[in-house]
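Here the structure comes first, spelled out in structure tokens, and everything after it is commentary.
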Amino acid sequence: FRFSNYSGKLLAFYEKNPDFIIPSHRQNEIREFVKRGLQDFSISRLKSKMPWGVPVPGDDNQVMYVWFDALVNYVSALGWPDEKGNYGKFWPGMQVAGKDNLRQQTAMWQAMLMSAGIPNSNKVMIFGFITSGGQKMSKSLGNVVSPYDLVDKYGTDATRYFLLSEITPFEDGDFTFEKFELKFNADLANGLGNLTARITTLLEKNAIAIKPEACVSEKLKASFESKMKEYRFDEALKVLWEELKSMDEELSGKKPWKMEDKLEIKEILEPMAGKLAGIARLLEPFMPETAQKISKIFAVEEVKKAEPLFPRV
């Protein structure tokens, strides 16, 4: 592939699309790589060494090189060149790739698209690596953490929450079981789970019927959506957990468990139930099972004490 022919075109493309790569420092990195000059690369390998490869048309001795083949999957899997199906619906689209794939995804693939006359990707988001105790995960070091083991022990939503809230999307993040369990107990068991239990226990104890409207403030919604548009999922979750903390402090401050007037208690708990149901809606992309449980709890007038969402570990 005549990669060297595309230096100018790629630099012009980056200049015209300054937000093409997220985060921006990765765009600066690839721009400097292209400026240093591009080298042509082979797109095939000997069939005798890779008999399982896709044959090169017109040459039975060669198969397509895996990198060239794999990148084409972005459009071929969508049915390209048929524009009537998924290709026409989803391309050009956004790609998500690890930082070790920066050159392949944002330079090689984009040059290949230009060569074929196919629209370039809309955006490419580059994420970092997850380390284990400050070290790269390696079988030889015995520090590889299986996400399946985490799900089996802590549940899918708890695993998703840790990865999305604790790991910054664009940089490396570190995992240890100690960090995981501290986060689990602080944010899930003692945070979201405990607040849900407190509200539902008081409602059942006082036999208060409610019709909460699932809602959050416009300010919270705007802040959450702003972080989502920036792909800062960790900060979007932080917005929700700050609201949960505020609700918990409000509940502790007003002390409805010391009140006797049911109407007074209802005036405190019904809006809180609505807020919690509203937060559950925003939480659904992150923790779908938990969001559905909370929504179901407050979908009835006679709320029952909720089972622990996240028992402490």
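Here the sequence shown stands for residues 848 to 1160, where the numbers follow my numbering. Cβ atoms here follow ideal geometry from the backbone N, Cα and C, with glycine treated the same way.
Practice problem: Express the C-alpha separation of residue 968 and residue 866 in angstroms, rounding to a whole number. | Solution: Along the sequence shown, one-based indexing puts residue 866 at 19. Along the sequence shown, one-based indexing puts residue 968 at 121. The alpha-carbon atoms of residue 866 and residue 968 are separated by roughly 12 Å.
Practice problem: Taking only the alpha-carbon atoms, compute the straight-line gap between residue 982 and residue 1102 and give it to the nearest angstrom. | Solution: Your numbering for residue 982 matches position 135 in the sequence shown. Your numbering for residue 1102 matches position 255 in the sequence shown. Going by the C-alpha atoms only, they are around 47 Å apart.
Practice problem: Would you check if the distance between the CB atom of residue 888 and the CB atom of residue 848 is smaller than 7 Å? | Solution: As a working mapping, residue 888 is identified with position 41 in the sequence shown. As a working mapping, residue 848 is identified with position 1 in the sequence shown. For the 7 Å CB-CB criterion, residue 888 and residue 848 form a contact.
Self-check item: residue 1015 in three-state terms, based on DSSP
Solution: Working through the sequence shown from its first residue, we reach residue 1015 at position 168. DSSP places residue 1015 in the coil class of the three-state scheme, outside both helix and strand.
Quiz item: Hey, residue 1157 and residue 1035 are a contact pair by Cβ (cut 8 Å); roughly how many whole angstroms apart?
Solution: Locating residue 1157 in the sequence shown gives position 310, counting from the first residue. Locating residue 1035 in the sequence shown gives position 188, counting from the first residue. The beta carbons of residue 1157 and residue 1035 sit about 4 Å from each other, so the pair counts as a contact at 8 Å.
Quiz item: In the structure shown, what three-state DSSP assignment does residue 875 receive?
Solution: One-based indexing of the sequence shown puts residue 875 at position 28. Of the three classes helix, strand and coil, the one that applies to residue 875 here is helix, per DSSP.
Self-check item: Close beta carbons around residue 1086, own chain, < 7 Å, minus the five adjacent residues each side
Solution: As a first step, residue 1086 is located in the sequence shown; it is residue number 239 there, counting from the start. Closer than 7 Å at the Cβ level, and outside the excluded window around residue 1086, lie 1067, 1070, 1071, 1074.
Quiz prompt | Residue environment, residue 913, which counts as buried when at least 16 other CB atoms sit within 10 Å | solution = Position 66 of the sequence shown, counted from the start, is the residue given in the question as residue 913. Under this definition residue 913 is an exposed residue.
Quiz item: Who are the near neighbours of residue 1094 in its chain, counting only those whose CB is closer than 7 Å to its CB and skipping five residues on each side?
Solution: Locating residue 1094 in the sequence shown gives position 247, where the first residue counts as 1. For residue 1094, where only same-chain residues beyond five positions count, the Cβ hits under 7 Å are 1042, 1119, 1122.
Self-check item: Distance between residue 921 and residue 936 (C-alpha atoms, nearest Å)
Solution: By one-based count along the sequence shown, residue 936 stands at place 89. By one-based count along the sequence shown, residue 921 stands at place 74. The C-alpha of residue 936 lies about 13 Å from the C-alpha of residue 921.
Quiz prompt | Closest residue to residue 976 among 997, 944, 962 (Cα-Cα distance) | solution = By 1-based counting over the sequence shown, the position of residue 976 is 129. Comparing Cα positions, the closest option is 944.
Quiz item: Given residue 1136, which residues of its chain have a CB within under 6 Å of its CB, disregarding the five upstream and five downstream residues?
Solution: As a working mapping, residue 1136 is identified with position 289 in the sequence shown. Correct list, in chain order: 1004.
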